[in-house]
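Here is the structure we will look at, set down as structure tokens.
There are 2 protein chains.
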Amino acid sequence: MARKDSELTGVKEIARRANVSIGTVDRVIHNRKGVSKKTKDKINAIIKELDYQPNIFARRLASKKQLVFAILIPKVSQETNYWEAPLLGIEQAGAEISPYGITVQPYLYEVNDKKSFLEQVARIDLDQVQGVLLAPSFIEESAHFIKALESKKIPYVFINSDIPGYNSLSYFGPDLYQSGYLSAHLMKYLVKRKEKVLIINISQEIDDQHHLSRKEQGFRNYFKDHKIESPILKIDIQQTDYAHVSKALGQILRKEPVAAIFVTNSRVSTVAKYLKKTKDTQPILIGFDYTKENLVFLKEGIIDFLICQKPREQGYKGLMALYQFVLHSRTGEKNNFMPIDIITSENCDFYIN
Amino acid sequence: MARKDSELTGVKEIARRANVSIGTVDRVIHNRKGVSKKTKDKINAIIKELDYQPNIFARRLASKKQLVFAILIPKVSQETNYWEAPLLGIEQAGAEISPYGITVQPYLYEVNDKKSFLEQVARIDLDQVQGVLLAPSFIEESAHFIKALESKKIPYVFINSDIPGYNSLSYFGPDLYQSGYLSAHLMKYLVKRKEKVLIINISQEIDDQHHLSRKEQGFRNYFKDHKIESPILKIDIQQTDYAHVSKALGQILRKEPVAAIFVTNSRVSTVAKYLKKTKDTQPILIGFDYTKENLVFLKEGIIDFLICQKPREQGYKGLMALYQFVLHSRTGEKNNFMPIDIITSENCDFYIN
DNA sequence: CTGAAAGCGCTTACAG
DNA sequence: CTGAAAGCGCTTACAG
Chain A
1 MARKDSELTG VKEIARRANV SIGTVDRVIH NRKGVSKKTK DKINAIIKEL
51 DYQPNIFARR LASKKQLVFA ILIPKVSQET NYWEAPLLGI EQAGAEISPY
101 GITVQPYLYE VNDKKSFLEQ VARIDLDQVQ GVLLAPSFIE ESAHFIKALE
151 SKKIPYVFIN SDIPGYNSLS YFGPDLYQSG YLSAHLMKYL VKRKEKVLII
201 NISQEIDDQH HLSRKEQGFR NYFKDHKIES PILKIDIQQT DYAHVSKALG
251 QILRKEPVAA IFVTNSRVST VAKYLKKTKD TQPILIGFDY TKENLVFLKE
301 GIIDFLICQK PREQGYKGLM ALYQFVLHSR TGEKNNFMPI DIITSENCDF
351 YIN
Chain B
1 MARKDSELTG VKEIARRANV SIGTVDRVIH NRKGVSKKTK DKINAIIKEL
51 DYQPNIFARR LASKKQLVFA ILIPKVSQET NYWEAPLLGI EQAGAEISPY
101 GITVQPYLYE VNDKKSFLEQ VARIDLDQVQ GVLLAPSFIE ESAHFIKALE
151 SKKIPYVFIN SDIPGYNSLS YFGPDLYQSG YLSAHLMKYL VKRKEKVLII
201 NISQEIDDQH HLSRKEQGFR NYFKDHKIES PILKIDIQQT DYAHVSKALG
251 QILRKEPVAA IFVTNSRVST VAKYLKKTKD TQPILIGFDY TKENLVFLKE
301 GIIDFLICQK PREQGYKGLM ALYQFVLHSR TGEKNNFMPI DIITSENCDF
351 YIN
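Spelled out as structure tokens, the structure:
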């Protein structure tokens, strides 16, 4: 039995109401050119009126082309295996969405190397990419790339650190300020009144905008807010290799013995390595991330606390957010702050990224 | 231009090779009857040889029927809002997979009421259901239901507690034994040598197979393994209302003052309520779950530690596992133990289910 | 037990 | 600027 006209669904019903062919409807839906403003407006009105939701099965079946998501994050380096976890999460999400015709293409840069970041960016062909998941480690270089994405209307998601003020789809990672603030809260329990505390930033890139600075601010503000009298020293080390770090540490620690040290990133293991070699009384040591190197020192008792923020989940959820948006136009929360997990030698064996 | 025969894909290629129609191929793929063994075997061999993966877009487009997943979990009760979290996770997953033609039907039973469990089970029409997500609170009653599922070949996933020995697709929840074990580890730091510790089970159903017993075993075994000399008392309270619990507590605590109490489930708030009213020295109190009631007592310092195991994630991941299996024949890990999070008044505001 | 045909709701050339 | 038709890879009656 033939369907009544009024029961048509989808493009056919739209076409019928607009008195055009489904081809024209398709053109309007995809914002392709070659449609008069008049018919375009008419069709759009009907789409709105019907609250038309395209059938994704039909769409993906008819259009054989794959969607490509580019992943721009650091590669695992000799210094740290931190970036293994996000990649695992991304791979899992990638496997789950691959049946929907999505291909994930990783572009991995050296974590300390702006040039390598730019090289990877150059390799991405934006005409072949429908979404980007990135860790914007280098702020200026990222800004440039993001402009290109926005002009092509390619959606992008930040993980691990964000750059406020951009129109990213969403962000999955720590609340940097808050994680510094919580570290200070922990610190409060561990140092006595007026004992000195040292903040260490170890990174090639350190400036006021930078991610590490936001953690430092959180840390300092906790001390301010709670009127803690311990003086805060601070040192920036812009060469990340052990030789440089140990030299810088030696200089300051010989002059200024401190009760506790707060390292603003995963490089805490480098500091631990130095402390282990000195026989002085060991200061309390707090740092970031569940890396292989850090775990060793945590279990040895050199590192006291690690703050960790679900790196694996950042990758997984970040990619899923991209998928939800590109395939289903579904947007979730913009800022997704990971829980601030406190890892000690006692609970580290149970930790799940 | 006509395609070369060898380029056919999917059912058409299978049909060509087997010298049958695609209708017959479809029958074999779906194990429908009415195909001679001979052709069936031939087709199955070809499917295997080609490693044929059905195109889910085409499948879902052609077959207009919805898939239904039944959710069988407790409803939020007056006594505890624990089950709110899993339901939220389930709803989120449900929203994400609804574009794929999946409908989620909740069947919520009273957490303390076997009859209500059976009533909900009776409401589920197994001929209309393609998967089940359940919290098997009542062991015998669940066993019966599971048998029905297995005879109909309906896949099912456990959350929150499992029943070992069944052929569930997977389990998302605590490692019950381990969470008892970790609780004891915590306890070790908090009680002095030879001080008494009290274990409290509050539940209508308590027996050797039961979930609570497995936590208790873990707890006891930690003490054994580590030769901790504190004597362990234990009490089972099978009426969960405050009147009964407080009476039972009064009886034992008047006779036997204890340094610490371990409540094996979320009912710890009932114990806290009692302790708050007595003016005796307060024992250390450890229990389970991030419920509204428990949080109040945690912040007041009556409850010292809450063990929490991501109830929201259990629901989300459980439903996703069902979806992955039913739509993509993808199976993950069978046992998915949630991390054992330790919540204190210090970090409770940062906790994410 | 098996086949031939229609149709699911889109996209993609191609024709005008 | 627009339309008509073929086709994506399945499932679903229906016919025999």
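Chains A and B are the protein sequences, given in the same order. Residues in the first sequence are numbered from 1 upward in steps of one, following full-length UniProt numbering. Residues in the second sequence are numbered from 1 upward in steps of one, following full-length UniProt numbering. No residue lacks a Cβ here, since even glycine has one placed at the ideal position from N, Cα and C.
Min CB distance residue i to chain B below 8 Å
i: A:LEU61; result: yes
i: A:ALA58; result: yes
i: A:GLN314; result: no
i: A:GLN324; result: yes
i: A:ASN172; result: Note that residue 172 of chain A is Phe in the sequence shown here, rather than Asn. No - not a single Cβ of chain B is within 8 Å of the one on A:PHE172.
i: A:HIS30; result: no
i: A:MET1; result: No answer about A:MET1 holds up, because its pLDDT of 34 lies below 50 and its placement is not dependable.
i: A:PRO99; result: yes
i: A:GLU96; result: yes
Of the listed residues the options, nearest to residue i (C-alpha basis)
i: B:ARG123; options: B:LEU108, B:GLY131, B:LEU133; result: B:LEU108
i: A:TYR242; options: A:VAL129, A:LYS273, A:ASP225; result: A:LYS273
i: B:VAL263; options: B:GLY180, B:ASN44, B:THR9, B:SER168; result: B:GLY180
i: A:LYS279; options: A:ILE302, A:SER266, A:ALA148, A:ASN294; result: A:ILE302
i: B:VAL129; options: B:LYS147, B:ASN44, B:LYS114, B:LYS153; result: B:LYS153
i: B:LEU182; options: B:VAL25, B:ASP41, B:PHE288; result: B:PHE288
i: A:LYS198; options: A:ILE237, A:TYR166, A:ASP207, A:ILE163; result: Sequence inspection shows Leu at residue 198 of chain A; the Lys mentioned does not correspond to that position. Closest by alpha carbon: A:ILE237.
i: B:PRO339; options: B:GLN178, B:LEU126, B:SER170, B:ALA260; result: B:GLN178
i: B:TYR166; options: B:ALA143, B:LYS188, B:MET187; result: B:ALA143
i: A:GLN78; options: A:LYS317, A:ILE307, A:TYR316, A:SER266; result: A:SER266
i: B:ASN347; options: B:PHE325, B:ASP304, B:ALA148, B:GLU333; result: B:ASP304
i: B:GLY332; options: B:GLY250, B:THR39, B:SER168; result: B:SER168
i: B:LEU295; options: B:SER345, B:TRP83, B:PRO99, B:LEU87; result: B:SER345
i: B:LYS40; options: B:VAL11, B:VAL245, B:ARG32, B:VAL28; result: B:VAL28
i: A:LYS292; options: A:ASP349, A:SER36, A:LEU118, A:ILE200; result: A:ASP349
i: B:ILE200; options: B:GLY250, B:ILE235, B:HIS30, B:LEU8; result: B:ILE235
i: B:GLU119; options: B:ALA58, B:GLU141, B:PHE57, B:LYS33; result: B:GLU141
i: B:GLU96; options: B:LYS188, B:ASP341, B:ASN221, B:ALA321; result: B:ALA321
According to DSSP, residues forming a beta bridge with residue i
i: B:ARG106; result: The sequence shown places Pro at residue 106 of chain B, not Arg. Its beta-bridge partners are B:ILE71.
i: B:TYR290; result: Answer by DSSP bridge pairing: none, since B:TYR290 is not bridged.
i: A:LEU198; result: A:LEU233, A:ILE261
i: B:GLY173; result: B:PHE337
i: A:VAL157; result: A:LEU133, A:SER170
i: B:CYS308; result: B:ASP341
i: A:ILE284; result: A:ALA260
Inter-residue Cα distance where the pair is residue i and residue j
i: B:SER329; j: A:LEU67; result: 22 Å
i: B:GLU13; j: B:LEU327; result: 22 Å
i: A:ASP175; j: A:LEU285; result: 21 Å
i: residue 399 of chain A; j: A:SER151; result: The question about residue 399 of chain A has no answer here: the residues shown for chain A are numbered 1 through 353.
i: B:ASN335; j: A:ILE47; result: 46 Å
i: A:PRO283; j: A:PRO257; result: 9 Å
i: B:ILE352; j: A:LEU319; result: 20 Å
i: A:PHE69; j: B:LYS276; result: 56 Å
i: A:HIS226; j: A:ILE232; result: 14 Å
i: A:GLY218; j: A:GLN314; result: 21 Å
i: B:ILE202; j: B:VAL76; result: 17 Å
i: B:SER137; j: B:VAL111; result: 8 Å
i: A:LYS192; j: A:LYS215; result: 22 Å
i: A:TYR82; j: A:GLU300; result: 20 Å
i: A:ALA184; j: A:SER98; result: 43 Å
i: A:VAL157; j: B:ASP26; result: 41 Å
i: B:SER230; j: B:PHE223; result: 8 Å
i: B:GLY131; j: B:ALA260; result: 43 Å
8 Å Cβ cutoff, residue i in contact with chain A
i: B:ASN347; result: yes
i: B:ILE342; result: yes
i: B:PRO339; result: yes
i: B:TYR351; result: yes
i: B:GLU229; result: no
i: B:HIS328; result: yes
i: B:LYS12; result: no
Integer Cβ distance of residue i from residue j, believed to fall under 8 Å
i: B:LEU134; j: B:ILE73; result: 7 Å
i: A:ILE102; j: A:TYR323; result: 7 Å
i: A:PRO106; j: A:ILE71; result: 4 Å
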